[in-house]
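K.L.:
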Amino acid sequence: MTGFIVTDREAHEHDYGTGLVERDYATNPVGYCSQPFRLPLVPRSEMEERWRAQKRSRATLGDLIKRKTIKSLNQTSSNYCWAYSSTMATMLTGIAAGQRYEPLSGTSIACKIKNFRNQGGWCSQSLEYIAEHGVCRIADWPQGKEGIRRDMDSPTAWKKARKFRVTEWMDLEPRNLDQLISCLLHGIPVATDFNWWRHSVCTIQIADLKVRQGRIVSFDSEIKNSWGNNWGDGGHGILASKKAIPDGMIAPFVSAGG
Amino acid sequence: MKPSTIAALCMLLGGFLLFSDSRPPGPDPVDPVDPIDVTPIDVPGNRVLIVYESGEKSKYPAEQSLILNSGVLAEYLDEHCVKAADGHPEWRIWDKDVQLENIDGPLVDQVWIDAMKLERDSLPWLFVTNGKTGSTGALPQSEAETLAIIKKYFK
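Quick mapping for you: the protein sequence lines, in order, are chains A and B. Per my numbering, residue 1 is the first one in the first sequence, and the count goes up by one each step. Per my numbering, residue 1001 is the first one in the second sequence, and the count goes up by one each step.
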């Protein structure tokens, strides 16, 4: 697990793009694009022990990333974080099911959704597109700002993209830690929007958790960012305390390819 | 007691033993840990398929749910399963509804399409094969039990 804590300085002083547009839940309520959260919640009384057992079996997504040497994606200076968080979650869902590691281009889906304009969005927009069309491989469509090119948009690339689709996913309630923790304890990656950061990243595991008398008194999460492997600790960072509470979340849990 | 009385009692007792059966009706019980010894996947090489219902995953006992993401199990399978042409180890842990029909190439080759059609009595379900023998049965409740079954066939 990384020891790199994301401070305000680390979050804001850089040359990378972000691009989160706050989702308006009045017009886009939970479940507007998919099913809402539908797993039974892990009881708070069991959370800490389940987390310890997960670490003992090396069953966290962080363990999977390490085992498969999965590199962080790189949106470069584009405003496509919201597409990259879902793309990483899609990749991890497939790989967790034993499928081949294939780096995917968040730029491919963001270009199609925004008609090749370098615009922001939120994570559920991109996952909705992934479910229908898949994501192109970086081998077929470059990642980052350099991939914002219409000549990349070919039927061949999208035919291959269909291998990398999500077939089931859940729209989580904003700021609902019980739902987030339940997903992470089941090894489900969660694309997470953070309004304080104006950024969307993929949350991969619990970094710290304390539950006392039925209350979650401490929660830190480990995220896999989309700013390449040179940022943070191999592309990973820890969001501590209030910074770890997402304002939007979407969790793919069945992938058709990987 | 007269000899004829003893003989009559013996005949009665023999008849009772012959026609009575204390076992419950139905087929003979089978060992639940080792349901069959015939390979469920008739292709050379070590392979494992675990099929589960992702929507029900969180309802599985916690220890059993952990098997589906276990790094300990994955590392063992990476090392011991046969490799596809692209070097990818041949094991899968899939939701029962994973849509295979739109996928081509080595990620989902015919062996897995066929394997997903194999009969299962419940979920989660474990298929193990070394190409000659194997096992098909309910996924055990723990990582250790699961590894024990796999190792039996991956010698």
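We treat Cβ as the ideally placed atom computed from N, Cα and C, and that holds for glycine. The structure displayed is predicted, hence computed values, not measured ones.
What residues of chain A sit near SER1070 (chain B), judged by a beta carbon separation below 8 Å?
P.N.:
As a working note, residue 1070 (chain B) is residue 70 in the second sequence. In chain order: SER57, ARG58, ALA59.
K.L.:
Taking C-alpha atoms, which residue in B:TRP1125, B:GLY1134, B:LYS1132 lies nearest to TRP1094 (chain B)?
P.N.:
For the purposes of this step, residue 1094 (chain B) is taken as the residue at position 94 of the second sequence. When each option's Cα is compared against that of TRP1094 (chain B), the closest is B:TRP1125.
K.L.:
Over what stretch of residues does the alpha helix (DSSP H) that includes VAL1072 (chain B) continue unbroken?
P.N.:
To locate residue 1072 (chain B), count along the second sequence from 1; it is residue 72. According to the DSSP assignment, VAL1072 (chain B) belongs to the alpha helix (DSSP H) that extends over 1071–1080.
K.L.:
Count the other CB atoms within 10 Å of the CB of THR60 (chain A); is the residue buried (16 or more) or exposed (fewer)?
P.N.:
Numbered from 1 along the first sequence, position 60 holds the residue referred to as residue 60 (chain A). With 16 or more Cβ atoms within 10 Å of its Cβ, THR60 (chain A) is classed as buried.
K.L.:
Which value, in whole angstroms, describes the spacing of the CA atoms of LEU64 (chain A) and ILE1050 (chain B)?
P.N.:
For the purposes of this step, residue 64 (chain A) is taken as residue 64 along the first sequence, with counting starting at 1. For the purposes of this step, residue 1050 (chain B) is taken as residue 50 along the second sequence, with counting starting at 1. Cα to Cα, the separation comes out at about 18 Å.
K.L.:
Measure the alpha-carbon distance for VAL1038 (chain B) versus LYS68 (chain A) and round it to whole angstroms.
P.N.:
Residue 1038 (chain B) sits at position 38 when you count from the first residue of the second sequence. Residue 68 (chain A) sits at position 68 when you count from the first residue of the first sequence. Between the alpha carbons of VAL1038 (chain B) and LYS68 (chain A) lies a gap of roughly 32 Å.
K.L.:
Let me make sure I understand the geometry here. Which of B:THR1129, B:GLN1141, B:TYR1052 has the alpha-carbon closest to that of LYS1151 (chain B)?
P.N.:
Residue mapping note: residue 1151 (chain B) aligns to position 151 of the second sequence, counting from 1. Ranking B:THR1129, B:GLN1141, B:TYR1052 by Cα distance to LYS1151 (chain B) puts B:THR1129 first.
K.L.:
So who's on the other strand from ASN74 (chain A), going by DSSP bridges?
P.N.:
Counted from its first residue, the first sequence places residue 74 (chain A) at position 74. Assignment of beta-bridge partners to ASN74 (chain A) by DSSP yields A:TRP227.
K.L.:
Is there contact here, the stretch 20–37 of chain A with the stretch 169–187 of chain A, by at least three beta-carbon pairs under 8 Å?
P.N.:
yes
K.L.:
Leaving out five residues before and five after PRO1029 (chain B) in sequence, what residues of the same chain have Cβ atoms less than 6 Å from its Cβ?
P.N.:
On the second sequence, position 29 is the one that residue 1029 (chain B) refers to. Model confidence at PRO1029 (chain B) stands at a pLDDT of 43, short of 50, so the residue's coordinates are unreliable; what they give is reported in the following sentence. Contacts found: none.
K.L.:
Out of B:VAL1111, B:ILE1149, B:LYS1096, state which residue places its alpha-carbon closest to the alpha-carbon of LYS1057 (chain B).
P.N.:
For the purposes of this step, residue 1057 (chain B) is identified with residue 57 of the second sequence, where counting begins at 1. Among B:VAL1111, B:ILE1149, B:LYS1096, the Cα nearest to that of LYS1057 (chain B) belongs to B:LYS1096.
K.L.:
Report back the beta-carbon spacing between GLN179 (chain A) and LEU41 (chain A) to the nearest angstrom; my notes put them in contact at under 8 Å.
P.N.:
The count along the first sequence starts at 1 and reaches residue 179 (chain A) at position 179. The count along the first sequence starts at 1 and reaches residue 41 (chain A) at position 41. Right, their Cβ atoms sit about 7 Å apart.
K.L.:
If you measure beta-carbon to beta-carbon, which residues of the stretch 1136–1151 of chain B are closer than 8 Å to chain A?
P.N.:
Under the 8 Å Cβ criterion, the stretch 1136–1151 of chain B contributes GLU1143.
K.L.:
Mind checking GLY232 (chain A): buried by the 16 CB within 10 Å criterion, or exposed?
P.N.:
Counting from 1 along the first sequence, the entry for residue 232 (chain A) is found at position 232. Within a 10 Å sphere around the beta-carbon of GLY232 (chain A) sit 16 or more other beta-carbons, which makes this residue buried.
K.L.:
Please list the partners that ASP1086 (chain B) has in chain A, where partner means a Cβ-to-Cβ separation under 9 Å.
P.N.:
On the second sequence, residue 1086 (chain B) is found 86 positions in, with the first residue counted as 1. Those are ARG100, listed as they occur along chain A.
K.L.:
With burial defined as no fewer than 16 other Cβ atoms inside 10 Å of the residue's Cβ, what is the status of THR156 (chain A): buried or exposed?
P.N.:
Here residue 156 (chain A) refers to the residue found at position 156 of the first sequence. Label assigned to THR156 (chain A): exposed.
K.L.:
Can you find at least 3 beta carbon pairs, one from the stretch 130–138 of chain A and one from the stretch 204–213 of chain A, that sit closer than 8 Å?
P.N.:
no
K.L.:
Return the Cβ separation of SER57 (chain A) and SER1070 (chain B) in integer angstroms, given the expectation that the two are a contact with Cβ distance under 8 Å.
P.N.:
As a working note, residue 57 (chain A) is residue 57 in the first sequence. As a working note, residue 1070 (chain B) is residue 70 in the second sequence. That belief holds up - the Cβ atoms of SER57 (chain A) and SER1070 (chain B) are roughly 5 Å apart, short of 8 Å.
K.L.:
Is the stretch 111–131 of chain A in contact with the stretch 223–238 of chain A, if contact means three or more CB pairs nearer than 8 Å?
P.N.:
no
K.L.:
Pull the bridge partners of CYS202 (chain A) from the DSSP assignment, please.
P.N.:
Counted from its first residue, the first sequence places residue 202 (chain A) at position 202. A:ALA191, A:LYS224, per the DSSP bridge assignment.
K.L.:
Going along chain B, which residues have a C-beta under 8 Å from GLU168 (chain A)?
P.N.:
Taking the first residue of the first sequence as position 1, residue 168 (chain A) is located at position 168. Neighbours of GLU168 (chain A) on chain B, chain order: SER1054, GLY1055, ASP1095, ASP1097.
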